[in-house]
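Asker: Below is one structure. I have some questions about it.
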Amino acid sequence: MQTIFSIEKLDAHKNYALENLDKADFLFSHATKVLAERFKDINRRYERAVILGELYTGKLKEALMETGKFDAIDIVSVDNETLGFAAQSQECLISFMDLHHMNDLPGVLIQARRALKPDGIFMGAMIGGETLYEAKQTFQEVELEKHQGASMHFHPYADKQQMGGLMQRAGFALPVIDSDVLDVSYKTLAQLLEELEYMGEGFALTEEKPVYENSFLSDVELAYRKKFADAFDASRIQASFELIYLLGWSPHENQQKPLKPGSAQKSLAETLNAEEVIINAQD
């Protein structure tokens, strides 16, 4: 297994986010709202659910309890990507905003499916592959021009197609994958980078970022503004954040069967009311 993320760096960023997330919690707040709404649409009540994660999970628990679908909810942090549940011991697992940091993402999903009782549900929210495409593209272009090479400056995130394949590979029945894209406006590149730190999304890859002169970020910001100025205010820059939502069931003989390809009357986006959200970061 390739080690992409440094556990030590992730822990340091998570600890920082636990103290500062309220300064940039829009992704977590939006994901909380979406997951709560989706559980309202499930015609079932759960004796106990488990939330996997640490950031914002208290507010997620509160929102989920308000749906009236749960008797009790536990919060568990994932230690070294080992869930530690006995096989077929859980009826509802909810992964909240941490799957995108897993070195062994397929393995974690397989563990989650195995931990579910027959017809148990897994639901998750994670950062997706369209996130920060503007910043990634601009950093790469400037670095290639100025330094004849390109390095990783932001985390790689899986996209919807990849997550769909991984859910199927893990053995989930009736998997559903969709996403929201949140368009966020920032006054400066520094403000964007600062908010990533607040979220716990500071650079945590095992490889090190190159150290460049101070003018490098100035060049990046100039190029960013030329290419990705906010459509409503040219003095600001735009950054996109994608949230991917996962839903799957542990197989059970009485479950409904998936429709034949091409037989659906509505698209997945229409069915799930996938949306685009525009946010202005605080000044």
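Numbering (our numbering), first residue to last: 24 to 306.
All C-beta atoms, glycine included, are put in the ideal place defined by N, C-alpha and C.
Every value quoted in this text rests on a predicted model; they were computed, and no experiment measured them.
(1) When DSSP builds the beta bridges, which residues end up paired with MET146?
(2) From the DSSP output, read off the bridge partner residues of SER112.
(3) For the candidate residues GLN25, ILE144 and GLU230, whose alpha-carbon lies nearest to that of ALA196?
(4) Given PRO141, which residues of its chain have a CB within under 6 Å of its CB, disregarding the five upstream and five downstream residues?
(5) By a C-beta neighbour count over all protein chains shown, 10 Å radius and 16 as the cutoff for buried, is THR26 buried or exposed?
(6) Return helix, strand or coil for LEU78, following the three-state DSSP convention.
(7) I'd like to check one pair, GLU224 with ASN43: are the Cβ atoms closer than 9 Å?
(8) Would you say SER208 and GLU265 are within 9 Å of each other, going by their C-beta atoms?
(9) Mark ASP253 as exposed unless 16 or more other C-beta atoms lie within 10 angstroms of its C-beta, in which case mark it buried.
(10) Starting from ILE30, trace the alpha helix (DSSP H) in both directions and tell me its first and last residue.
(11) Beta carbon of HIS123, beta carbon of HIS178: below 9 Å?
(12) How should LYS249 be labelled, buried or exposed, when 16 other C-beta atoms within 10 angstroms of its C-beta is the threshold for buried?
(13) LEU269: which of TYR39, SER52, ARG61 and SER29 sits nearest, CA to CA?
(14) For LYS82, count the other beta carbons within 10 Å of its own beta carbon; 16 or more makes it buried, fewer makes it exposed. Which is it?
(15) What residue range is occupied by the uninterrupted alpha helix (DSSP H) comprising ILE98?
(16) When you compare each of CYS115, GLU166, GLU31 and ALA158 to ILE65 by their alpha carbons, which one comes out closest?
(17) Are the CB atoms of MET120 and LEU50 within a distance shorter than 9 Å?
(18) Taking only the alpha-carbon atoms, compute the straight-line gap between LYS92 and TYR69 and give it to the nearest angstrom.
(19) By the DSSP assignment, the beta strand (DSSP E) with ILE200 in it spans what residues?
(20) In terms of alpha-carbon separation, which member of MET222, ASN237, PHE255 and GLU244 lies closest to LEU41?
(21) List the whole-angstrom C-beta distance separating GLY152 from ALA181, where the pair is believed to meet the contact cut-off of C-beta under 8 Å.
Answerer: For this structure:
(1) Residue 146 sits at position 123 when you count from the first residue of the sequence shown. Per DSSP, ILE117 and LEU270.
(2) Walking along the sequence shown from the start, residue 112 turns up at place 89. For SER112, which the question treats as bridged, DSSP gives no partner whatsoever.
(3) Residue numbering aside, residue 196 sits at position 173 when the sequence shown is read from its first letter. Out of GLN25, ILE144 and GLU230, ILE144 has the C-alpha closest to the C-alpha of ALA196.
(4) Here residue 141 refers to the residue found at position 118 when the sequence shown is read from its first residue. Sequence-distant Cβ neighbours of PRO141 in its own chain, meaning closer than 6 Å and more than five residues away, are SER273 and HIS275.
(5) The residue you call residue 26 lines up with position 3 of the sequence shown. Looking at its Cβ environment, which holds fewer than 16 other Cβ atoms inside 10 Å, THR26 is exposed.
(6) Residue mapping note: residue 78 aligns to position 55 of the sequence shown, counting from 1. Correct three-state label for LEU78: coil.
(7) Numbered from 1 along the sequence shown, position 20 holds the residue referred to as residue 43. Numbered from 1 along the sequence shown, position 201 holds the residue referred to as residue 224. No, these two residues do not count as a Cβ contact at 9 Å.
(8) If you number the sequence shown from 1, residue 208 lands on position 185. If you number the sequence shown from 1, residue 265 lands on position 242. Going by C-beta atoms, SER208 is not nearer than 9 Å to GLU265.
(9) For this step, residue 253 is matched to residue 230 along the sequence shown. ASP253 should be labelled buried.
(10) Locating residue 30 in the sequence shown gives position 7, counting from the first residue. Residues 30-43.
(11) By one-based count along the sequence shown, residue 123 stands at place 100. By one-based count along the sequence shown, residue 178 stands at place 155. Yes. Within cutoff.
(12) On the sequence shown, residue 249 is found 226 positions in, with the first residue counted as 1. A residue is called buried when at least 16 other Cβ atoms come within 10 angstroms of its Cβ; LYS249 does not meet this threshold and is exposed.
(13) Indexing the sequence shown from 1 puts residue 269 at position 246. Closest by alpha carbon: ARG61.
(14) Here residue 82 refers to the residue found at position 59 when the sequence shown is read from its first residue. Label assigned to LYS82: exposed.
(15) Stepping through the sequence shown from its first residue, residue 98 is reached at position 75. From DSSP, ILE98 is part of no alpha helix (DSSP H) but of the beta strand (DSSP E) over 93-99.
(16) Numbered from its first residue, the sequence shown carries residue 65 at position 42. Cα-wise, what sits closest to ILE65 is CYS115.
(17) Residue numbering aside, residue 50 sits at position 27 when the sequence shown is read from its first letter. Residue numbering aside, residue 120 sits at position 97 when the sequence shown is read from its first letter. With contacts defined by Cβ atoms closer than 9 Å, LEU50 and MET120 form a contacting pair.
(18) Counted from its first residue, the sequence shown places residue 92 at position 69. Counted from its first residue, the sequence shown places residue 69 at position 46. Near 6 Å, if we compare the C-alpha coordinates of TYR69 and LYS92.
(19) The sequence position of residue 200 within the sequence shown is 177, counting from 1. Where ILE200 is concerned, the enclosing beta strand (DSSP E) stretches over 196-209.
(20) The sequence position of residue 41 within the sequence shown is 18, counting from 1. Of MET222, ASN237, PHE255 and GLU244, the residue nearest in Cα terms is MET222.
(21) The residue you call residue 152 lines up with position 129 of the sequence shown. The residue you call residue 181 lines up with position 158 of the sequence shown. GLY152 to ALA181, Cβ: 6 Å. Contact.
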